[in-house]
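What follows is a single structure, written as structure tokens, with notes after it.
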Amino acid sequence: MLDWCLWRAALCEDCEEAEETESSEDAGAQATDETSRDIKSFDIKLHSAELSRSFAKIGWMAPYAIVVLGDSRVEAGRTPAAKHAHKKPVWNSDLHINVKHVPDSITIAVWDKNNFHRDVFCGSTTVPCAQDMGTLSQKTFTLTKKDKPTGSIKLTISVQFEDSSDAVIASKSGLGPELDVISSWADTSGAAHGAAISFRQGEDWAAQGCKAHGEPPSAEEHEGEKEGGADVPAPAEVPTSTPTAAGTPCAPLLGKWKCVDTWGLDDFLKAQKRSFFERKTAGAARWPDWEFKLSGDKVIFLNSTMIGLLTEEIPLGEEYENVDGQKNVWSVMATWTPAGASGGSLVQDRKGRKELGEVREERTVAGDKLEFKLTKEGTSWGRSFVRV
């Protein structure tokens with residue numbers, strides 16, 4: 170009964186009263202594609218976590234992790250509390266989830282066990298799942314609390330069917346630098362990507378760790394926020410206009426940009442015959458932040474993605490080579506076409522070996538707005554950005 174009260178205390182302010190508890194066999198399990206079939210096993214191994222700060226007022230933390238399937242709010246399993254582990258708990262706990270179908274997602278929430286007051290929420294991640302995801306071995310995911318990173322957790326997730334022919338065969342076709350990094354991470358046939366992956370978190374109670382409506386924050390959580398302010402520095406202030414002189418190449422493009430919308434991504438990946446799991450992973454990925462700088466006659470492109478920072482040096486008006494996330498080598502030609510004092514377009518035409526084909530990336534600036542479009546084999550997807 171105490172555990173259920175703990176979960177109820179984490180409901181978002183706008184959440185309605187939870188419905189009656191469903192059986193764990195079917196909770197959170199959804200048909201994930203048109204060809205969804207019964208599975209043999211769905212297993213999760215929670216290896217370890219690393220928290221960026223302490224959530225305890227005094228002493229050492231004893232963190233544990235809880236797994237929830239989909240949007241069910243039903244606990245599917247938990248680890249024991251790692252006593253005295255503080256910010257680096259190690260569990261290596263195996264959970265066999267009794268479901269007929271692969272859940273649409275799983276949420277893993279980390280809490281600090283406390284014998285004197287209510288346990289403290291440390292952070293969570295929601296991972297998209299699909300029947301063709303195979304085995305994700307020792308992947309690292311970013312934990313967040315109230316949309317701020319608080320650490321990372323390492324998991325292994327395995328889906329098995331009676332028929333072993335359902336193994337995923339990864340495509341090597343090029344999708345552009347950002348999507349190829351995501352595809353490389355989701356490639357279950359390859360080695361695990363070492364970087365922590367960051368997904369956009371939903372508004373549900375398990376992902377955000379919010380309070381029930383009208384419930385005041387506890388003293389320990391106030392204390393935790395103060396500690397967080399000491400350990401996690403505030404982001405540096407950024408200028409609201411582009412700090413470049415008139416006549417500078419690509420002047421309207423330079424500066425920092427925040428993604429505010431994404432369009433056409435799933436249809437594009439379908440046209441490229443990517444797996445359902447790759448499509449779900451790309452769709453759930455944290456939207457990127459971009460920055461463009463000028464170094465001599467080269468544009469330096471800094472792309473802060475779900476998997477980390479990607480950097481590309483772009484010489485204008487000459488051909489250069491670029492290696493994508495799957496180690497494919499591309500020949501690239503980049504051109505900048507100005508459109509008045511505050512606009513213009515950067516176009517990159519990428520050509521790979523025969524099976525990779527050609528990709529065109531267009532970044533069009535109009536004042537404080539930037540539109541990105543990637544086209545391959547007649548199919549496009551894109552993002553919208555605003556200057557920060």
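Counting in our numbering, the sequence shown runs from 170 upward without gaps.
Here a beta-carbon is modelled for each residue, glycine too, at the ideal position from N, C-alpha and C.
Note that the structure is predicted; figures quoted are calculated from it, not measured.
Under the three-state reduction of DSSP, Phe-461 is assigned to strand. Approximately 17 Å separates the beta-carbon atoms of Val-279 and Leu-238; this is outside 8 Å, ruling out the contact. Taking 7 Å as the cut-off, the Cβ atoms of Pro-232 and Asp-281 count as close. The alpha carbon of Thr-304 has as its nearest neighbour, out of Phe-224, Trp-260, Ser-210, the alpha carbon of Ser-210. Under DSSP, Asn-267 forms no beta bridge with any residue. Spatial neighbours of Trp-550 in its own chain (CB-CB distance under 7 Å, excluding positions within 5 residues in sequence) are listed in chain order as Trp-432, Gly-433, Leu-434, Phe-437, Leu-543. A residue is called buried once 16 or more other Cβ atoms fall within 10 Å of its Cβ, and Ser-464, having fewer, is exposed. Taking the C-beta atoms as reference points, Val-528 is found no nearer than 7 Å to Gly-292. Of all C-beta pairs linking the stretch 466-480 to the stretch 316-325, fewer than three are shorter than 8 Å, placing the two stretches out of contact. Taking 7 Å as the cut-off, the beta carbon of Ser-553 is found closer than this to the beta carbon of Asp-430. The three-state reading of DSSP puts Gly-452 in helix, counting H, G and I together. Beta-carbon to beta-carbon, Trp-499 and Glu-490 are separated by about 7 Å, close enough to satisfy the 8 Å threshold.
Close CB contacts of Ala-251 within its chain, under the 8 Å cut and outside five residues either way in sequence, are with Ala-231, Pro-232, Tyr-233, Pro-258, Val-259, Trp-260 (chain order).
In this structure, Ile-277 lies near Val-236, with their beta-carbon atoms less than 7 Å apart. Counting the other CB atoms within 10 Å of its CB gives Leu-478 a total below 16, which places it among the exposed residues. Going by DSSP, Ala-503 is part of the beta strand (DSSP E) stretching over 498-507. Taking Gly-452 as the centre and dropping the five residues before and after it, the same chain places the C-beta of Pro-297, Leu-434, Asp-435 closer than 8 Å to its C-beta, in chain order. The residues Thr-311, in chain order, have a CB closer than 6 Å to that of Pro-318 in the same chain once the five nearest residues on each side in sequence are set aside. In the DSSP assignment, the residues bridged to Trp-432 are Gly-551. Spanning the alpha carbons of Phe-290 and Arg-522 requires a straight line of approximately 49 Å. Sorting Glu-540, Lys-442, Arg-532 by C-alpha distance to the C-alpha of Glu-546 places Lys-442 at the top.
Here Trp-459 is near Asn-472, since their CB atoms are less than 7 Å apart. One Cα belongs to Ser-241, the other to Val-555, and the distance between them is close to 36 Å. Counting C-beta atoms within 10 angstroms of its own C-beta, Val-492 has fewer than 16 neighbours from the protein chains shown and is therefore classed as exposed.
Cβ neighbours of Leu-264 within its own chain (closer than 8 Å, five residues either side excluded): Asp-212, Ile-213, Lys-214, Leu-215, Val-236, Ala-245, Gly-246. Secondary structure note for Asn-284: it is in no beta strand (DSSP E), with a DSSP letter that is neither H nor E. Less than 7 Å separates the beta-carbon of Gly-512 from that of Pro-421. The continuous beta strand (DSSP E) containing Phe-541 extends over residues 538-545.
For Phe-310, the enclosing beta strand (DSSP E) stretches over residues 304-314. Contact annotation: Phe-461 and Leu-485 have beta-carbon atoms that are not nearer than 7 Å. If you draw a straight line from the Cα of Arg-519 to the Cα of Thr-309, it is about 31 Å long.
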